[in-house]
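Note that the sequence shown covers residues 40 to 320 in my numbering.
Cβ atoms here follow ideal geometry from the backbone N, Cα and C, with glycine treated the same way.
Shown next, in structure tokens, is the structure this report addresses.
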Amino acid sequence: MKIIKSKDVTFEYIKRDENGEVEGINKALDNINLDVKEGEFISILGANGSGKSTFAKHINSILMPTEGTLWVDGMDTSDEDKILDIRMTAGMVFQNPDNQIIGQVIEEDVAFGPENMGVETAQIRERVDEALKTVGMLDYKKNSPNKLSGGQKQRVSIAGVLAMHPKCIVLDEPTAMLDPAGRKEVIRALRALNDVEKITIILITHYMEETIYSDRIFVMNKGKIAMEGTPREIFTRVEELEEFRLEIPQITRLAYELRKEGMRIPECVLTIKELCDALSR
Ligand code: ADP
Ligand code: MG
């Protein structure tokens, strides 16, 4: 079963002047074809302005295709009657955790989504505890969110989405405002969600190193899917990645340069450990 299916999706932002006349058209998505299977961990990688957020907003019916069709768990995102179901199936996490946390106490904040969905009180408690436990924040449930680090806040936002029991979570640059430690915490939480809870993850990022754990990567450039493959397939294509204005992780760059100089480094080096193993052979 495909949880997300995008068929020939094109989206144009239309700019109008004060009289409502079309002033300009910006094609932010250009014929996007992409499938995600239930339980997959997908990354969408791309530089600023490549169309990532525009695509994410389509998954949640915030935007609808100008042309083409997008389905979430079989539901057409242009179908107005399905918007609530679509939003409950695919939860969204955004860049800035401060804009997503509204409760004064962490457990209240996480309860907000299921409360709005009309879940029973006893069940809400259970869901809140379960969600906080999954992201490693259960010990903080009675605390105020104000004193948390960025990584902890973002994990609370993820718990808030989890408590709604979505099949899929879409995260639009969830680590962009975090320090390196916070970024690691969030990525670790996502891997656990996917491995243990089998939740489909769509991670949108411009940090290449965050995508090495995904099953597949889609690279976006100027509104198009420019590359698609496993991390091992994508990370070896250094020159193309640079062309798409992505910053190459040090280890990938080093392995690439060494190979170019004729050293026998396998093409699939992703981590420091793999490079060390290759060099000591
Ligand atoms: P990304 O998330 O990869 O940085 P976006 O989806 O935000 O990319 O933007 C894709 C393109 O659409 C860019 O050229 C951007 O300037 C344009 N764009 C984004 N939002 C709007 C908007 N509200 N109105 C007009 N153009 C927009
Ligand atoms: Mg964006």
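request  = Hey, could you find the ends of the alpha helix (DSSP H) Phe274 is sitting in?
outcome  = 270-274
query = So Met131 and Asp211 are in contact, right, with Cβ under 8 angstroms, and what is the actual spacing, rounded?
reply = 7 angstroms
key: Inter-residue spacing [alpha-carbon to alpha-carbon] between Val48 and Val209   = 18 angstroms
message = On the criterion of 16 or more Cβ atoms from any shown chain inside 10 Å, does Ala67 qualify as buried, or is it exposed?
response = buried
key: Residue nearest to Arg284 in terms of C-alpha spacing, selected from Asp316, His245, Asn185, Lys312   = His245
key: Residues near Arg292 in its chain [Cβ-Cβ closer than 8 angstroms; skip 5 each side]   = Val277
ask   = Nearest CA to the CA of Lys206: which residue from Asp112, Gly142, Tyr179, Val225?
value = Asp112
task = Would you list, in sequence order, the uninterrupted alpha helix (DSSP H) runs of no fewer than 4 residues that lie entirely inside the stretch 124-187?
result = 145-155, 160-173
ask   = Taking 7 angstroms as the line, does the beta carbon of Asp69 fall inside it for any heavy atom of the ligand MG?
value = no
query = Taking only runs of the beta strand (DSSP E) that begin and end inside the stretch 47-86, which ones reach a length of at least 3 residues, in chain order?
reply = 61-76, 80-85
query = Taking 8 angstroms as the CB-CB cut-off, is Val61 touching chain B?
reply = In summary, chain B is missing from the structure at hand, where a single protein chain is found.
ask   = Rounded to a whole number of angstroms, what is the C-alpha to C-alpha distance between Ala91 and Leu242?
value = Checking the sequence, you will find Lys at residue 91 rather than Ala. About 10 angstroms.
ask   = Are there 16 or more other CB atoms within 10 angstroms of the CB of Lys54, so buried, or fewer, so exposed?
value = exposed
inquiry  = Run through the DSSP bridge pairs and tell me what Asn260 is partnered with.
reply    = Lys263
query = Whose C-alpha, out of Asn99, Leu229, Ile64, Asp234, is nearest the C-alpha of Ser45?
reply = Asn99
ask   = Using the beta-carbon count (16 or more within 10 Å), is Thr269 buried or exposed?
value = exposed
Segment contact, 8 angstroms Cβ cut-off, at least three pairs: the stretch 102-109 with the stretch 142-158 = no
key: Limits of the unbroken beta strand (DSSP E) element including Val209   = 207-211
message = Shorter than 7 angstroms, the distance from the beta carbon of Ser45 to the closest heavy atom of the ligand MG, or not?
response = no
message = Measuring straight from C-alpha to C-alpha, what distance separates Leu297 and His204?
response = 46 angstroms
ask   = Whose CB is closer than 6 angstroms to a heavy atom of the ligand ADP? List the residues in chain order.
value = Tyr52, Asn65, Ala67, Gly85, Asn87, Gly88, Ser89, Gly90, Lys91, Ser92, Thr93
inquiry  = Quick check on DSSP: helix, strand or coil for Lys237?
reply    = coil
query = Would the stretch 218-237 and the stretch 185-204 be scored as touching if the rule is three or more Cβ pairs under 8 angstroms?
reply = yes
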